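Only one structure is covered here, and it is reproduced in the block below.
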Amino acid sequence: MKYVYPAVFTKEEEGKYAIHFPDIESCYTCGDNLADGLKMAQNVLAFTLYDYEKEGREIPTASDINDIDVAEDEFVNYITRDTIEYRKRHNNKAVKKTLTIPQWLNEEAAAKGVNFSAVL
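When we follow the working numbering, the leftmost residue of the sequence shown carries the number 202, and every step to the right adds one.
Given below as structure tokens:
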């Protein structure tokens, strides 16, 4: 599922950023610079929303970016994440499957030294 949420970026010392999502409880991170902060914000948003989905929790409604008040050293930016894509990348649990193939294919593969476990 694709989600878009506003994130508040707060500039800290030495060019670092603290980031939080006002609509999502306990969803915050930080970055060493703006680029790192954007990457970290994407990661924490995907992880948090994936966790909500997994636990069956209600996904909060995203606020309008114009309705969020920020301090002078802050700005708001939309962050987009796809929890299906996140799940594909991070849920790499191996699943055993039994496969039936034609005999001729098995013989050809054996003759060529194909390891079906490695291929599949």
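Ideal Cβ positions, reconstructed from N, Cα and C, are used throughout, including at glycine.
As the structure is a computational prediction, the values presented were derived from the model and not from experiment.
DSSP, reduced to helix, strand and coil, places Ile280 within a strand of the structure shown. For Ala208, DSSP records a beta bridge to Asn278. Val209 sits buried, since 16 or more C-beta atoms from the chains shown fall within 10 Å of its C-beta. With contacts defined by Cβ atoms closer than 7 Å, Pro261 and Ile302 do not form a contacting pair. Under the 8 Å Cβ criterion, the segment 228-241 counts as touching the segment 210-217, having at least three qualifying pairs. The way I'd put it, the segment 241-253 does touch the segment 273-291; three or more beta-carbon pairs between them come closer than 8 Å.
A distance of 7 Å or more separates the beta carbons of Arg282 and Tyr218. Beta-bridge annotation (DSSP): Lys203 is paired with Asp283.
Measuring C-alpha to C-alpha distances from Asp265 to each of Val277, Gly257, Glu259, Glu256 identifies Val277 as the nearest. Taking C-beta atoms as the reference points, Ala295 and Tyr206 fail to come closer than 7 Å. Per DSSP, Thr249 is one residue of the alpha helix (DSSP H) stretching across 235-256. With contacts defined by Cβ atoms closer than 7 Å, Ile280 and Gln243 form a contacting pair.
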